[in-house]
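Some notes on the structure that comes next.
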DNA sequence: TTGTACGCGTTATCAG
DNA sequence: CTGATAACGCGTACAA
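Chains as they are written, first to last, in UniProt numbering: chain F, 1 to 333; chain C, 1 to 333.
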């Protein structure tokens with residue numbers, strides 16, 4: 001590995017000059033520039049990023065902290081983050097926390113020691129206090145942490161209303177909700193949206209809301225019990241696609257036809273939702289766009305560029321597929 | 001951010017002494033050690049990883065280069081890699097190449113400039129030559145590059161034989177294969193395994209092999225055409241799960257019952273295969289274990305520990321689910 | 001057992 | 001326009 005000194009020697013100039021042509025700042029004679037370029041080429045010299053980092057206190061890398069890349073929501077997000085980071089000259093180091101506070105803090109510390117320039121994090125355990133202590137830009141994705149931390153989320157409540165409203169619209173008369181974890185606010189917002197839409201219906205019962213914890217297995221069990229207790233249910237809004245898939249499976253187990261006897265709608269728009277039979281109707285988040293948006297936001301913060309808006313709430317979109325269908329012959333009120 | 005110098009001053013010792021207690025090497029009086037520890041605590045001092053890297057020419061980070069983290073095979077792998085890297089004190093920076101040579105080379109270069117200690121790569125464009133020039137350990141996952149590069153793969157041919165053999169066993173009489181890309185050797189190995197199992201059957205036709213390119217959409221189309229040309233087909237072995245799911249969808253479109261009229265088996269064992277209806281029978285790779293294994297291997301190479309075996313070929317496992325079933329009433333020979 | 005001083009590879013400042 | 005040289009923060013001979 002050639003160093004800047006080698007190049008300087010080869011070109012017969014000082015390291016300062018080499019540095020100047022490297023970073024194209026300061027004046028440098030065109031002739032000497034040529035000599036330097038030639039030397040660089042000959043030695044196949046590549047500047048050492050670590051030395052540069054040490055001096056500039058910046059590493060051209062960002063941290064991406066997620067609960068679990070195995071969760072189908074995150075690969076697409078990670079892809080978007082990496083893509084746009086790469087475009088802007090940044091690398092991304094990625095970390096899985098399993099929603100574990102100690103792990104999260106440990107990662108943050110390690111990243112800080114490596115001079116990462118900023119971090120993108122999906123977390124609900126992070127406090128504003130800790131973020132402040134970090135002294136580098138932090139942006140939150142998918143979850144609100146506090147007002148001070150720039151955030152990219154989607155309109156969860158609105159999406160939930162869309163979902164529940166859509167089920168009503170196609171003729172469902174008893175609509176249940178499989179909710180996500182109580183400590184995750186997007187899960188709570190989706191419950192709120194659901195309630196706003198159906199909470200005051202005469203048929204509404206609190207027990208139409210059941211816990212699915214955002215995981216398929218739990219959702220299957222929950223659906224089984226739900227449908228046993230309340231066989232009258234003809235529509236289910238699951239707070240994420242994975243649970244919706246679970247609901248489809250549960251219905252299948254009970255011999256309930258989807259969508260004829262039971263309409264099911266999910267939330268997220270992960271690609272898995274297209275793998276099922278029937279394919280899943282869902283409220284799709286613009287996952288890739290969210291990743292692009294957070295990364296853009298973070299990089300602007302890092303590079304101290306002006307940023308219009310530190311709180312982005314993206315729109316969701318209803319994607320109709322096979323797990324729901326107009327139920328005409330069920331007479332409205 | 002406190003530096004080692006601050007700590008030294010605070011403790012009333014030299015930086016060398018601080019460094020010694022930090023790395024617990026060299027002799028240091030128990031009393032002074034205490035003073036130093038106290039100073040470290042007071043200042044909440046954390047050693048600067050970049051400075052350390054610069055001196056030691058090592059960064060405690062590894063690169064993970066994959067075609068596309070969105071491809072459902074890779075998240076689980078990435079998770080395993082990150083988990084075990086983290087356990088061993090390494091961070092991982094991840095890169096998506098889209099099988100694009102320039103991107104790959106660019107990443108390799110950048111990683112090198114950042115002193116990554118080694119890289120894990122899934123690629124078929126990388127040459128042994130380039131790896132040698134890198135001068136850091138490189139291990140290959142999922143694909144063989146050359147004999148010199150340590151590799152972790154699965155027994156693709158054997159797995160393919162298992163798949164095709166299993167279809168025969170349950171009574172399929174005409175077994176087709178949806179193959180992966182011609183330039184990916186694991187795809188070719190799976191074709192080989194298929195051929196070894198059914199290539200000499202009297203009914204075998206070359207046109208029973210069709211291209212699915214490892215993607216769902218292509219596989220759907222391919223299956224549609226295949227089944228049109230050869231309605232006699234009663235078993236399909238798809239070279240990966242995503243294509244198998246495509247095949248299921250195609251069958252569904254054509255009104256062919258799976259598994260009653262058409263048995264379908266995939267390859268990979270991704271979690272998506274459990275989301276489908278019917279759930280997919282598949283040849284499961286031990287994805288997580290593969291990730292653990294490559295990372296272990298790489299770290300050993302980095303740390304110059306003895307390594308028994310630089311070519312690991314892991315076993316695959318047949319997982320019977322609903323997309324196949326014994327077809328009793330179809331009289332064998 | 002402890003301290004001094006240099007090197008790791010760059011960048012930036014300040015003379016010239 | 002160009003060249004010395006002092007940082008950046010840490011680890012380690014070498015001396016004491």
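Virtual Cβ for every residue (Gly too), placed ideally from N, Cα, C.
For residue i and chain C, any beta-carbon pair shorter than 9 Å?
| i | result |
| --- | --- |
| residue 129 of chain F | no |
| residue 311 of chain F | no |
| residue 69 of chain F | yes |
| residue 114 of chain F | yes |
| residue 59 of chain F | yes |
| residue 228 of chain F | no |
| residue 252 of chain F | yes |
| residue 249 of chain F | yes |
| residue 135 of chain F | yes |
| residue 339 of chain F | Any question about residue 339 of chain F goes unanswered here, given that chain F covers just 1 to 333. |
| residue 172 of chain F | no |
| residue 333 of chain F | Caution is warranted here: a pLDDT of 29 is assigned to residue 333 of chain F, below 50, making its placement in the model unreliable, and no coordinate value can be reported. |
| residue 221 of chain F | no |
Quick check on DSSP: helix, strand or coil for residue i?
| i | result |
| --- | --- |
| residue 105 of chain F | helix |
| residue 69 of chain F | coil |
| residue 235 of chain C | strand |
| residue 210 of chain F | strand |
| residue 176 of chain F | strand |
| residue 332 of chain C | With a pLDDT of 35 at residue 332 of chain C, under the threshold of 50, the predicted position of this residue should be treated as unreliable, though the coordinate-derived value follows. It is coil, neither helix nor strand. |
| residue 17 of chain F | helix |
| residue 204 of chain C | coil |
| residue 313 of chain F | strand |
| residue 294 of chain F | helix |
| residue 287 of chain C | helix |
| residue 241 of chain F | helix |
| residue 357 of chain C | This structure gives no information on residue 357 of chain C, because the portion of chain C shown stretches from 1 to 333. |
| residue 3 of chain F | coil |
| residue 268 of chain C | strand |
| residue 223 of chain C | helix |
| residue 97 of chain F | coil |
| residue 89 of chain C | coil |
| residue 32 of chain F | helix |
| residue 307 of chain F | coil |
| residue 250 of chain F | helix |
| residue 119 of chain F | strand |
| residue 12 of chain C | coil |
So is residue i in contact with chain F if we call contact Cβ pairs under 9 Å?
| i | result |
| --- | --- |
| residue 302 of chain C | no |
| residue 245 of chain C | yes |
| residue 191 of chain C | no |
| residue 110 of chain C | yes |
| residue 240 of chain C | no |
| residue 259 of chain C | no |
| residue 72 of chain C | yes |
| residue 325 of chain C | no |
| residue 329 of chain C | Per-residue confidence for residue 329 of chain C stands at a pLDDT of 45, beneath the threshold of 50, marking its modelled position as unreliable; no derived number is given. |
Quick one: does the C-beta of residue i sit closer than 8 Å to a heavy atom of the ligand MN?
| i | result |
| --- | --- |
| residue 216 of chain C | The ligand content of the structure shown is nil, which means the ligand MN is not present either. |
Chain C contacts from the UniProt domain "HTH lacI-type" (2-56) of chain F (Cβ-Cβ distance under 8 Å)
46, 47, 48, 49, 50, 51, 53, 54
Counting pairs of beta carbons, one from the segment 72-86 of chain F and one from the segment 91-102 of chain C, are three or more of them closer than 8 Å?
yes
What ranges does the alpha helix (DSSP H) occupy inside the segment 121-171 of chain C, keeping only unbroken runs of at least 4 residues that lie completely in it?
128-134, 156-169
Validate contact between the segment 148-161 of chain C and the segment 219-230 of chain C using beta carbons, cut 8 Å, 3 pairs
no
Is the segment 205-212 of chain F close to the segment 168-183 of chain F, with three or more CB pairs under 8 Å?
yes
Quick one: which residues of the segment 263-284 of chain C get their C-beta closer than 7 Å to a C-beta of chain F? List them in chain order.
272, 275, 276, 277
Flag this pair as touching only if the segment 260-280 of chain C and the segment 305-315 of chain C have three or more C-beta atom pairs under 8 Å; answer yes or no.
no
Are at least three pairs of beta-carbons, each pair with one atom in the segment 61-68 of chain C and one in the segment 109-116 of chain C, less than 8 Å apart?
yes
Contact list for the segment 74-105 of chain C against chain F, Cβ threshold 8 Å:
74, 75, 76, 78, 79, 82, 83, 86, 91, 92, 93, 94, 95, 96
For the structure I just gave you, are there three or more beta carbon pairs, one from the segment 51-59 of chain F and one from the segment 46-54 of chain C, closer than 8 Å?
yes
Measuring CB atoms only, is the segment 305-324 of chain F touching the segment 24-39 of chain C, in the sense that at least three cross pairs come out at less than 8 Å?
no
Counting Cβ pairs closer than 8 Å, one from the segment 120-127 of chain C and one from the segment 254-264 of chain C, do we hit at least three?
no
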